[in-house]
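Each residue of the sequence shown is one higher than the one before, starting from 52 at the first, in this note's numbering. From the three backbone atoms N, C-alpha and C, an ideal C-beta is built for every residue, glycine too. Since this is a predicted model, take the numbers as computed values, not measurements. The structure under discussion appears below in the form of structure tokens.
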Amino acid sequence: METKKKDIRALTREQLRDFFVQNEDKAFRGNQVYEWLWQKSAHSFEVMTNLSKETREMLEANFVINHIKVDVMQRSTDGTIKNAVRLHDDLVVESVLIPTNTRTTACVSSQVGCSLDCKFCATSRLKRMRNLNPDEIYDQVVAIDNESRLYFDRPLSNIVFMGMGEPLMNYNNVLKAIDKITSKEGLGMSPKRITVSTSGVPKMIRKMADDQVKFNLAVSLHSAIDTIRTSIMPFNATFTLVDLREALAYWYSKTKSRITYEYVVWKDINDTQKDVDALVDFCRFAPSKVNLIEYNPIDDGEFQQASNKAIDMYVNTLERSRIVVTVRRSRGKDIDAACGQLANKA
Ligand code: SF4
Numbered sequence: 052m053e054t055k056k057k058d059i060r061a062l063t064r065e066q067l068r069d070f071f072v073q074n075e076d077k078a079f080r081g082n083q084v085y086e087w088l089w090q091k092s093a094h095s096f097e098v099m100t101n102l103s104k105e106t107r108e109m110l111e112a113n114f115v116i117n118h119i120k121v122d123v124m125q126r127s128t129d130g131t132i133k134n135a136v137r138l139h140d141d142l143v144v145e146s147v148l149i150p151t152n153t154r155t156t157a158c159v160s161s162q163v164g165c166s167l168d169c170k171f172c173a174t175s176r177l178k179r180m181r182n183l184n185p186d187e188i189y190d191q192v193v194a195i196d197n198e199s200r201l202y203f204d205r206p207l208s209n210i211v212f213m214g215m216g217e218p219l220m221n222y223n224n225v226l227k228a229i230d231k232i233t234s235k236e237g238l239g240m241s242p243k244r245i246t247v248s249t250s251g252v253p254k255m256i257r258k259m260a261d262d263q264v265k266f267n268l269a270v271s272l273h274s275a276i277d278t279i280r281t282s283i284m285p286f287n288a289t290f291t292l293v294d295l296r297e298a299l300a301y302w303y304s305k306t307k308s309r310i311t312y313e314y315v316v317w318k319d320i321n322d323t324q325k326d327v328d329a330l331v332d333f334c335r336f337a338p339s340k341v342n343l344i345e346y347n348p349i350d351d352g353e354f355q356q357a358s359n360k361a362i363d364m365y366v367n368t369l370e371r372s373r374i375v376v377t378v379r380r381s382r383g384k385d386i387d388a389a390c391g392q393l394a395n396k397a
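This is the structure we're talking about:
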């Protein structure tokens, strides 16, 4: 039965080489297959034309390639593309291509749904169904790279783990996917072009520091006052700001990498001088950058974008405190592809 076959991309190169040796063939066949699977992103054994028909049939009899399928592709008026990606077990996640004049960024998902419950986020309404496998994360990137070449005539330049799910709750698979994305036998991208964005899981931030990862870290902070943060991100009651800051200080002591904070300013939630002062205070322990992100309302309108005056207050206070600040306009709003909007609505 099809389902009993093993997912061939769960095998390492060494395991594939061993498989061929055990089947009385040459170990280098394993390298050939590995190249087809990762560098050439083969969807079937049939296309592996440098293997004999018998070898392809033998692979077919033992393994499956659980490749993702882009079910629906939507294009926004601003060029943003959203893919609804069907997985081998029929679950669906979303990933987004965000083009600017100078770069093309892929925003990819790491889980089906999310186990966290950020009140402002559409994904939180889909309960976490499962973690994505490394190959399912990798495939999303390859699909967007292909679209970037096709529609914008250039390869993908950056990746952010900011789609569905909390990447640090699927840490091992995210790490394996990044390994493939950055390795020569995969896409060969620089880890400096990859950002993992977390809502702030202190234990895992420390682990990342110990693992000396080379990619960038961003933290969705949204408030530096515990009561407010807990009201919009309830897991903050467990992973408090003190713990988060200690973990980030540890990260900085190990990596010396600047910390980026993602931050949305909402009307009547975090739009006062007290809020921005708390943010400045929180950031002091390490070089920091704050991305102020425009909010995209999800259906019920409980959260509303703050006024321009409040945004200006944030920008001025942060600049005076010598904290790098950018204001990010949202992209792909008309197709629900913007931050916090991914909820399989297509
Ligand atoms: S913002 Fe991120 S961590 Fe929070 S519920 Fe949404 S997907 Fe999960």
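Can you check DSSP and say which residues form a bridge with residue i?
i: Ala194; result: In the DSSP output, where bridge partners are listed per residue, Ala194 has none listed.
i: Asp84; result: The amino acid at residue 84 is misidentified as Asp; the sequence shows Val. DSSP, once it has assigned bridges, lists no residue as partnering Val84.
i: Lys178; result: Cys165
i: Lys340; result: Thr311, Val375
i: Asp58; result: Val115
i: Met124; result: Asn134
i: Leu268; result: Val247
i: Ala157; result: Leu148, Ile210
i: Gln356; result: Trp317
Just checking residue i against the ligand SF4 - is the residue's beta carbon closer than 7 Å to any of the ligand's heavy atoms?
i: Met364; result: no
i: Leu167; result: yes
i: Ser92; result: no
i: Met240; result: no
i: Met109; result: no
i: Met259; result: no
i: Thr311; result: no
i: Gly251; result: no
i: Ser271; result: yes
i: Glu217; result: yes
i: Thr174; result: yes
Decide if residue i is buried, meaning its Cβ has at least 16 other Cβ atoms within 10 Å, or exposed.
i: Asn184; result: buried
i: Asn164; result: A small correction: the amino acid at residue 164 is Gly; Asn does not occupy that position in the sequence shown. Buried: at least 16 other Cβ atoms inside 10 Å.
i: Ser127; result: buried
i: Arg296; result: buried
i: Ser92; result: buried
i: Asp385; result: exposed
i: Thr278; result: exposed
i: Glu108; result: exposed
i: Asn182; result: buried
i: Arg280; result: buried
i: Met52; result: Only weak support is given to the placement of Met52: the predicted model assigns it a pLDDT of 46, under 50, and the question is left unresolved by the model.
i: Leu177; result: buried
i: Asn231; result: Note on residue identity: the sequence assigns Lys, not Asn, to residue 231. The residue is buried, with at least 16 neighbouring Cβ atoms inside 10 Å.
i: Glu105; result: exposed
i: Leu201; result: exposed
i: Gly383; result: buried
i: Gln66; result: exposed
Output yes or no for whether 8 Å exceeds the beta carbon distance between residue i and residue j.
i: Asn101; j: Val121; result: no
i: Lys318; j: Ser358; result: yes
i: Ile188; j: Ile116; result: no
i: Thr155; j: Ser208; result: yes
i: His273; j: Asn342; result: no
i: Val252; j: Leu219; result: yes
i: Asp190; j: His139; result: no
i: Pro242; j: Ile256; result: no
i: Val327; j: Tyr365; result: yes
i: Tyr303; j: Ala337; result: yes
i: Ile344; j: Arg379; result: yes
i: Ala275; j: Ala329; result: yes
i: Ser161; j: Val225; result: yes
i: Met213; j: Ser248; result: yes
i: Phe71; j: Lys77; result: yes
i: Val193; j: Ile210; result: no
i: Phe96; j: Glu75; result: no
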